[in-house]
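Chemist: Heads up, the sequence shown is in the numbering used here, so the first residue is 1486 and it goes up one at a time. Take a look at this one; I'll ask things after.
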Amino acid sequence: MLERLTIKNIALIREQSIEFSDGLNVLTGETGAGKSLIIDSLSLLLGEKADKSLISHGQTSASVEAVFTGLSENVLSLLDEFGLDRDDTLIISRKISLDGKNDCRVNGTLFTLSMLKRLTAPLMDLHGQFEHQNLLKVANHIDILDSFGNLEISPLLEKYQICYTKYEENQNELRGLVTNDKERERLIDLYSYQVEEIDNAGFYEGEEEELKEFRNQVLHSERILETLQNVVSLGKGDGYEFSGIAESVKKMSSLLASISEYSKEIQPQLDRIESLKIELEDTIDTLEEIKDNMYFDEQKAKQNEERLDLLSSLKKKYGSSVSEIIEYRNKTANELEKLVSSENRVIELKKEQEKLEKELCERADKLSKARKESALKMQTEVTAELKSLGMKSASFVIKIDALGLENRTVKGFDRVEFMFSANLGEEVKPLKAVASGGEMSRFMLAVKNITAKIEGISTLIFDEIDTGVSGMMALVLGEKLCKVSSFAQVICVTHLAQVASFGKTHFLIEKSEKDGRTLTSVYPLDKQGRVKEIARLVSGVISQNAISSAEELLKNAEEFQKNLK
């Protein structure tokens, strides 16, 4: 349950901490006192979009923090999933800033808004005075029914959706192959040409570097030959007045050898000179061989340039390098193979389609049967709830129409619509066509009273759902909220004295002026304070007659609560 709510800098609320109890918590106050600010604050904790205009004037940020205790297994499982400890106390906070920053934390750990929504779903359920508009949307009815019959419907729906996804994928692929014959033929021609062009070129990894290296040699062939000649001549001494380097090293070796026996230090140097002589002679011979074998055939050079031109052409079409060209070729060849073999693929897909269609229809049929069984149970339970809310002649029917395969959706072949009649002898009609505002409030409460038990939501929040309700029906609504509070914590913002009288804890929301500012405050009422506030709700003024009415309402509520136990 929600144990404590702390609000800072939300509009007219400077700083406020509210300690909620279990059972029914009611909040009342004058119009414009700031009741909606409590709901706005709770909405922030539910992960709803933040409105920067909520931040108090002159402040740069606002925050809301909630403390929950007595966590259900559903919530504890989510904590496991999010990697948090299974603490019995859960602290959720959210801070919004003028610069657009959002800070959501759960037990000190940063959360995204989507994570926050998942975690708070089994913690709190908020229903506003316009919430019944969702009930009027036929598209939502199938989800409400599925939620009611969750244990039986959910596994069947999951299996149906797996098959549905496969069927749609098969249909899309088949549709693409069958309806684009001309495009397929065009692509086959194009891909065949591209693959053939790349294959005929026959480029391999590293060839571009080899071609460029050969071109570089051709461009600088004269300089290469001249330099090699000079190096060889220098080594051998050809064309020079002095002996070549190799001959000089040889003489150095001979001279050192003649005196090496006279000094131990000379022999190691002699060994080094000898090694140098051998290495130098070998190097000079190799360079001379390179020079003698270096021959640049004009035809070969021309072919080299032609190959580089071809490569440049292919790079413009298929990639910036040989590796990218080869990659493009392989990818195109795969696509070509698919296109060429598409006729066989069409046959395969059609066979697969027949199997999937049969399976999909079977799963849809099982799903529909489960929904019809759940619909009968839900009709009975909602009708009983409506009768307990003073609608003794109300009729509620869940209409399920079979759409068939051609009108399939991800939710099945069914169209679900709630049908309703508030009066005896009247034919049931679509809910949106016959229910008044007061009837819709009671209808929504009846549905939520049933589904909340199934979903295991621990805290139900109602924001003036008693709009359009008065007199005896207001008293009945209060009794129903009191009954709901026996299995879930209920927080209710109300303007009706009849509803407020059933509260276990009663909070007054009040607006005041202080230090030149208007502030909203929330505080619990004692017994005398409740009498005065309910008297105000009864007649607008706190007269003796209003006080007597308030005391009678409180007495009747107390008797009802005793009998409820």
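We treat Cβ as the ideally placed atom computed from N, Cα and C, and that holds for glycine.
Is valine 2051 helix, strand or coil when you go by DSSP?
Modeler: Since the first residue shown for the chain is 1486 and the last is 2050, residue 2051 is missing from the structure and cannot be characterised.
Chemist: On the three-state DSSP scale, how would you describe threonine 1817?
Modeler: Position 332 of the sequence shown, counted from the first residue, corresponds to residue 1817. Note: threonine 1817 maps to helix in three-state DSSP.
Chemist: Can you tell me which of the three DSSP states threonine 1894 falls into?
Modeler: For the purposes of this step, residue 1894 is taken as residue 409 along the sequence shown, with counting starting at 1. Reduced to three states, the DSSP call for threonine 1894 is strand.
Chemist: Between which two residues does the alpha helix (DSSP H) carrying glutamine 2053 extend?
Modeler: Nothing about residue 2053 can be reported from this structure: the residues present for the chain run from 1486 to 2050 only.
Chemist: Is methionine 1876 helix, strand or coil when you go by DSSP?
Modeler: Position 391 of the sequence shown, counting from 1, holds the residue named residue 1876. In this structure, methionine 1876 counts as coil in the three-state DSSP scheme.
Chemist: Can you tell me whether arginine 1571 is buried or exposed, with buried defined as 16 or more other CB within 10 angstroms of its CB?
Modeler: Taking the sequence shown and counting its residues from 1, one reaches residue 1571 at position 86. Under this definition arginine 1571 is an exposed residue.
Chemist: Taking the CB atoms as reference points, tell me whether serine 1926 and lysine 1914 lie closer together than 8 Å.
Modeler: For this step, residue 1926 is matched to residue 441 along the sequence shown. For this step, residue 1914 is matched to residue 429 along the sequence shown. Contact: no.
Chemist: Quick one: does the C-beta of valine 1552 sit closer than 7 Å to a heavy atom of the ligand FAD?
Modeler: This structure lacks the ligand FAD, and indeed carries no ligand of any kind.
Chemist: Tell me the rounded alpha-carbon separation between valine 1954 and leucine 2038.
Modeler: As a first step, residue 1954 must be located in the sequence shown, where it is residue number 469. As a first step, residue 2038 must be located in the sequence shown, where it is residue number 553. In a straight line, the C-alpha of valine 1954 is about 17 Å away from that of leucine 2038.
Chemist: Within the chosen definition, does the stretch 1493-1503 reach the stretch 2001-2018 through at least 3 CB pairs nearer than 8 Å?
Modeler: Yes: the two stretches touch, three or more of their Cβ pairs being nearer than 8 Å.
Chemist: Compare the C-alpha of glycine 1593 against each of Ile1935, Ser1582, Glu1643, Ser1578 and name the closest.
Modeler: For the purposes of this step, residue 1593 is identified with residue 108 of the sequence shown, where counting begins at 1. That would be Ser1578, whose Cα lies nearest to the Cα of glycine 1593.
Chemist: Counting pairs of beta carbons, one from the stretch 1969-1985 and one from the stretch 1941-1950, are three or more of them closer than 8 Å?
Modeler: Yes: at least three Cβ pairs fall under 8 Å.
Chemist: May I have the straight-line CA-CA distance separating glutamine 1614 from threonine 1894, to the nearest angstrom?
Modeler: Stepping through the sequence shown from its first residue, residue 1614 is reached at position 129. Stepping through the sequence shown from its first residue, residue 1894 is reached at position 409. At glutamine 1614, the pLDDT of 48 sits below 50, so the modelled position is not reliable and the matter cannot be decided from this model.
Chemist: DSSP three-state call for aspartate 1525: helix, strand or coil?
Modeler: Stepping through the sequence shown from its first residue, residue 1525 is reached at position 40. Here aspartate 1525 sits in helix by DSSP.
Chemist: Assuming contact is defined by CB atoms lying nearer than 8 Å, are threonine 1554 and leucine 1583 in contact in what I supplied?
Modeler: The residue given as residue 1554 occupies position 69 in the sequence shown. The residue given as residue 1583 occupies position 98 in the sequence shown. Cβ distance not < 8 Å, so threonine 1554 and leucine 1583 don't count as in contact.
Chemist: Would you kindly report the start and end of the unbroken beta strand (DSSP E) that includes glycine 2053?
Modeler: Absent from the model: residue 2053. The displayed extent of the chain is 1486 to 2050, so no value can be given.
Chemist: Using three-state DSSP, classify phenylalanine 1615 as helix, strand or coil.
Modeler: Counting from 1 along the sequence shown, the entry for residue 1615 is found at position 130. The predicted model places phenylalanine 1615 with a pLDDT of 46, which falls under 50 and marks its position as unreliable, so this point remains unresolved.
Chemist: Rounded to whole angstroms, what's the CA-CA distance from leucine 1659 to glycine 1875? Just pull it up for me.
Modeler: Position 174 of the sequence shown, counted from the first residue, corresponds to residue 1659. Position 390 of the sequence shown, counted from the first residue, corresponds to residue 1875. Straight-line Cα distance between these residues: approximately 57 Å.
Chemist: Unbroken alpha helix (DSSP H) runs of length 4 or more, entirely within the stretch 1640-1690: which are they?
Modeler: Within the stretch 1640-1690, the complete alpha helix (DSSP H) runs of at least 4 residues are 1666-1686.
Chemist: Suppose contacts are defined by Cβ-Cβ distances below 8 Å. Is arginine 2021 in contact with histidine 1991 by that definition?
Modeler: Mapped onto the sequence shown, residue 2021 falls at position 536. Mapped onto the sequence shown, residue 1991 falls at position 506. Cβ distance not < 8 Å, so arginine 2021 and histidine 1991 don't count as in contact.
Chemist: Tell me whether glutamate 1839 is buried or exposed, calling it buried when 16 or more other Cβ atoms sit within 10 Å of its Cβ.
Modeler: Along the sequence shown, one-based indexing puts residue 1839 at 354. Exposed: under 16 other Cβ atoms inside 10 Å.
Chemist: Would DSSP call leucine 1490 helix, strand or coil?
Modeler: Along the sequence shown, one-based indexing puts residue 1490 at 5. The answer is strand: DSSP assigns leucine 1490 an E or B state.
Chemist: Hey, quick one: how far does the alpha helix (DSSP H) through aspartate 1777 stretch, first residue to last?
Modeler: Indexing the sequence shown from 1 puts residue 1777 at position 292. Per DSSP, aspartate 1777 belongs to the alpha helix (DSSP H) from 1751-1778.
Chemist: Could you tell me the distance, in whole angstroms, from the CA atom of serine 1808 to the CA atom of glutamine 1752?
Modeler: For the purposes of this step, residue 1808 is taken as the residue at position 323 of the sequence shown. For the purposes of this step, residue 1752 is taken as the residue at position 267 of the sequence shown. Approximately 56 Å between the Cα atoms of the pair.
Chemist: According to DSSP, is lysine 1721 part of a helix, a strand, or is it coil?
Modeler: Within the sequence shown, the letter at position 236 stands for residue 1721. In this structure, lysine 1721 counts as helix in the three-state DSSP scheme.
Chemist: Short check: CB of alanine 1686 to CB of leucine 1595, under 8 Å?
Modeler: Taking the first residue of the sequence shown as 1, we reach residue 1686 at position 201. Taking the first residue of the sequence shown as 1, we reach residue 1595 at position 110. Going by C-beta atoms, alanine 1686 is not nearer than 8 Å to leucine 1595.
Chemist: Is it true that the CB of lysine 1965 sits closer than 8 Å to the CB of serine 1873?
Modeler: The residue you call residue 1873 lines up with position 388 of the sequence shown. The residue you call residue 1965 lines up with position 480 of the sequence shown. Against a cut-off of 8 Å, the Cβ pair of lysine 1965 and serine 1873 comes out as a contact.
Chemist: How about the stretch 1551-1566 and the stretch 1600-1612: do they share at least three Cβ pairs that are nearer than 8 Å?
Modeler: Enough Cβ pairs lie closer than 8 Å, so yes.
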